[in-house]
Amino acid sequence: MQGPSGIAISNSQEIYIVESHGHKISQFSLDGDFIREWGSQGSDPGMLDSPWGIAIDSENNTYVADHKNDRFQKFGPTGESWLYLALRAQAEEN
46 MQGPSGIAIS NSQEIYIVES HGHKISQFSL DGDFIREWGS QGSDPGMLDS
96 PWGIAIDSEN NTYVADHKND RFQKFGPTGE SWLYLALRAQ AEEN
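The numbering of the sequence shown is the numbering used here, which starts it at 46 and goes up by one.
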């Protein structure tokens, strides 16, 4: 693994690990058997750049904080890209 930066376990008892240096998400069974991985470095929908943090909902959708792309991404149960929310903010100077 290349910089694991988040882990989540789904209701279906699968482990999801996000890698900030590998720019991907890996999915495993509770026994540690590899299921699938998705993502690659970039800024297009479905691509990741230094992802940091992961969550899984009750329908096995995956939510990832896509750090260097300043957005959150939602992936479907098999890794397909569904949605992203871009967030950019700048601090005010006093």
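Cβ atoms here follow ideal geometry from the backbone N, Cα and C, with glycine treated the same way.
These numbers come from a predicted model, not from an experiment.
Output needed for residue i: all residues of its chain with C-beta closer than 8 Å, excluding positions within five of it in sequence on either side, in chain order.
{"i": "residue 94", "result": "68, 86, 87, 88, 111, 112, 113 and 114"}
{"i": "residue 103", "result": "56"}
{"i": "residue 106", "result": "119, 120, 121, 122 and 127"}
If you count every other CB in all the chains shown that lies within 10 Å of the CB of residue i, and 16 or more means buried, which is it?
{"i": "residue 81", "result": "exposed"}
{"i": "residue 74", "result": "exposed"}
{"i": "residue 101", "result": "buried"}
{"i": "residue 90", "result": "exposed"}
{"i": "residue 120", "result": "buried"}
{"i": "residue 84", "result": "buried"}
{"i": "residue 99", "result": "buried"}
What residue range does the beta strand (DSSP E) around residue i cover?
{"i": "residue 118", "result": "116 to 120"}
{"i": "residue 86", "result": "Note, residue 86: premise wrong, no beta strand (DSSP E); not H, not E."}
Can you give me the Cβ contacts of residue i inside the same chain, cut-off strictly under 6 Å, excluding the 5 residues immediately before and after it?
{"i": "residue 64", "result": "46, 47, 48 and 49"}
{"i": "residue 71", "result": "62 and 82"}
{"i": "residue 148", "result": "No information on residue 148 is available, as it lies outside the stretch 46 to 139 that the chain covers here."}
I'd like to know whether the C-beta of residue i is nearer than 7 Å to at least one C-beta of chain D.
{"i": "residue 85", "result": "Note that chain D does not occur in the displayed structure, where there is just one protein chain."}
Among the residues of its own chain, which have a CB less than 7 Å from the CB of residue i, if the five just before and after it don't count?
{"i": "residue 126", "result": "90, 91, 118 and 120"}
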